[in-house]
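Step one of this worksheet: look at the structure below.
Residue numbers (this note's numbering): 13 to 168.
Put into structure tokens, the structure is as follows:
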């Protein structure tokens with residue numbers, strides 16, 4: 013099983029975080045359809061487009077979406093099945109998450125993670141399932157940061 017690299021060795025699947033199951037997910041927020049809508053790329057149109065540079069959070073979200081698209085669109089662009097294949101998911105783990113997760117090159121550990129993430133059992137990782145991975149990684153990191161901040165407060 014791929015696990016987070018940390019002092020506490022927290023597992024990536026221990027996080028209950030799932031933004032797509034939140035009751036607040038569809039409360040009328042306008043979500044842009046493309047990076048041009050955000051004003052990140054050339055050809056951005058007026059209207060509700062950002063003025064100035066995007067925030068760190070906006071860049072981070074844009075990066076996560078681009079990473080998903082990079083690994084979900086390999087091969088023929090006319091493919092009907094969407095999502096990241098098992099093989100491409102293994103590549104993504106070893107190329108993109110090798111500093112945060114252990115055993116990213118271990119095929120059995122990657123396959124176990126795929127099975128855990130693949131809620132609809134279609135053999136591919138959808139964007140929602142990918143986002144569960146991101147939340148599962150980010151949540152324990154957030155806890156570690158809070159613990160470190162608390163330990164700094166007590167040492168002062």
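All C-beta atoms, glycine included, are put in the ideal place defined by N, C-alpha and C.
Judged by their CB atoms, residue 130 and residue 121 are not nearer to each other than the 7 Å cut-off. The three-state secondary structure of residue 84, taken from DSSP, is helix. CA-to-CA, the gap between residue 85 and residue 167 works out to about 49 Å.
Taking 7 Å as the cut-off, the Cβ atoms of residue 106 and residue 119 do not count as close.
If you check the CB distance, residue 73 and residue 101 do not come in under 7 Å.
Distance between residue 98 and residue 69, taken at the CA atoms: about 28 Å.
In this structure, the CA atom of residue 75 is about 14 Å from the CA atom of residue 104. Within its own chain, the residues whose Cβ lies closer than 8 Å to the Cβ of residue 79, once the five positions on either side in sequence are excluded, are 104, 108, listed in chain order. Taken through DSSP and simplified to helix, strand or coil, residue 154 comes out as helix. For the pair residue 112 and residue 149, the CB atoms are nearer than the 7 Å cut-off. A direct Cα-to-Cα measurement between residue 95 and residue 142 gives close to 9 Å.
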